[in-house]
Amino acid sequence: NAGVMQNPRHLVRRRGQEARLRCSPMKGHSHVYWYRQLPEEGLKFMVYLQKENIIDESGMPKERFSAEFPKEGPSILRIQQVVRGDSAAYFCASSGQANTEAFFGQGTRLTVV
Amino acid sequence: TQLLEQSPQFLSIQEGENLTVYCNSSSVFSSLQWYRQEPGEGPVLLVTVVTGGEVKKLKRLTFQFGDARKDSSLHITAAQPGDTGLYLCAGARHTGNQFYFGTGTSLTVIP
Chain A
12 NAGVMQNPRH LVRRRGQEAR LRCSPMKGHS HVYWYRQLPE EGLKFMVYLQ
62 KENIIDESGM PKERFSAEFP KEGPSILRIQ QVVRGDSAAY FCASSGQANT
112 EAFFGQGTRL TVV
Chain B
286 TQLLEQSPQF LSIQEGENLT VYCNSSSVFS SLQWYRQEPG EGPVLLVTVV
336 TGGEVKKLKR LTFQFGDARK DSSLHITAAQ PGDTGLYLCA GARHTGNQFY
386 FGTGTSLTVI P
C-alpha cells in the first residue's frame, strides 16, 4: 500500500542546525503540499509543488525555509538554522491533480532543543 | 484569515449518542474534504464532496455539502469510542493552490 511516506517520523535538532524533511508522494501523484501543525492549532499551508516546480510558496517563511520536488526522488522541506519556534509537526500531502482530494503522510515531528 | 470555521470546537458525548459537526464559510469551494486525525498521526481522508447538495454516507457517518458549496456537515449516528479524534474539514477552490483547513473539532466519545 504505497501511501504518502514521510521520514523521519521524529527529528531532534539543536538550535542553529539544519532540518531536512522528506516526502514521497503516492504512486502516480505529481502534486505535493507541505503543511505545518502546532499544538492546539490547525493545519497551516506552507508550499505547493509539482515535479521540479514551486507553484505557490505563499505560506512559507521567506528566510531559512526552502522546498524542492526534483524529477527523481522525494520532495524535501529544508529548514536552515532552526529555532525553537520551528518545533512543530510537518505534514506532506499529495494529489493526482491540482485541487483534488489530498492524501496525507504521517508527518515529521520536529523538536528544536 | 480562516476561510473555514468549524463548530463546535470541542465535543464530549456518551457512547451511543448522535452528533453533528459543522463547517462553514462565506467562500465557495469546488470540493470539500473531511479528515479524521488521531494524536501523533496524519489526517486520514474520510470523504470528498464536490456537488452542491451532495450527501455521502460512510457507515454511521453522513456527510452533506451545502447547496451553495459554502458549507458542510458531518453527522455521526450512535457514536462509538473509536470515533474519538480530531475532525477536520478542508476545501479546495478553483483559483487556489492549497487546501484550506477548518479550525477542527475535537471529539471524545466516552464509553
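Same order as they appear, the protein sequences are chains A and B.
The opening position of the first sequence corresponds to residue 12 in the numbering used here, with each subsequent residue numbered one higher.
The opening position of the second sequence corresponds to residue 286 in the numbering used here, with each subsequent residue numbered one higher.
For every residue, glycine included, the Cβ atom is placed at its ideal position computed from N, Cα and C.
- Between the region 286 to 300 of chain B and the region 106 to 119 of chain A there are fewer than three C-beta pairs closer than 8 Å, too few to call the two in contact.
- Between Trp319 of chain B and Tyr385 of chain B, the C-beta spacing is not below 9 Å.
- Of all residues in the region 381 to 395 of chain B, only Gly381, Asn382, Gln383, Phe384, Tyr385, Phe386, Gly387, Thr388, Gly389 come within less than 9 Å of chain A when Cβ atoms are compared, listed by chain position.
- Not one beta carbon of chain A lies nearer than 9 Å to the beta carbon of Glu300 of chain B.
- Residues of the region 299 to 318 of chain B with a C-beta atom less than 8 Å from some C-beta of chain A are Ser315, Ser316, Gln318, listed in chain order.
- Ranked by how close their Cα comes to the Cα of Gly376 of chain B, the residues A:Asp67, A:Thr119, A:Glu112 have A:Glu112 in first place.
- Of all C-beta pairs linking the region 17 to 36 of chain A to the region 55 to 74 of chain A, fewer than three are shorter than 8 Å, placing the two stretches out of contact.
- Cβ-Cβ distances below 7 Å link Glu302 of chain B to Ala364 in the same chain, with the five nearest sequence neighbours on each side left out; the list follows chain order.
- Less than 9 Å divides the Cβ of Glu290 of chain B from the Cβ of Thr388 of chain B.
- For chain B, the residues of the region 100 to 111 of chain A that bring a beta carbon within less than 9 Å of one of its beta carbons are Ala100, Phe102, Cys103, Ala104, Ser106, Ala109, Asn110, Thr111, in chain order.
- Met57 of chain A is positioned such that its CB atom lies no closer than 9 Å to that of Phe114 of chain A.
- Within chain B, no residue has its beta carbon less than 7 Å from that of Leu49 of chain A; the closest one is some 12 Å off.
- By the neighbour-count criterion, in which a residue is buried when 16 or more other Cβ atoms sit within 10 angstroms of its Cβ, Thr393 of chain B is exposed.
- DSSP places Asp352 of chain B outside both helix and strand once states are collapsed to three, so it counts as coil.
- Under a criterion of Cβ atoms nearer than 7 Å, no residue of chain B is adjacent to Gly39 of chain A; the nearest Cβ is some 16 Å distant.
- When only Cα atoms are considered, Arg378 of chain B and Val335 of chain B end up about 11 Å apart.
- In this structure, B:Ser391 is the residue among B:Ser316, B:Ser391, B:Ile395 with its C-alpha nearest to the C-alpha of Thr305 of chain B.
- Inter-residue distance for Pro366 of chain B and Pro81 of chain A is about 42 Å (C-alpha atoms, whole angstroms).
- Look at Gly327 of chain B here: in three-state DSSP terms it is coil, with no helix or strand label.
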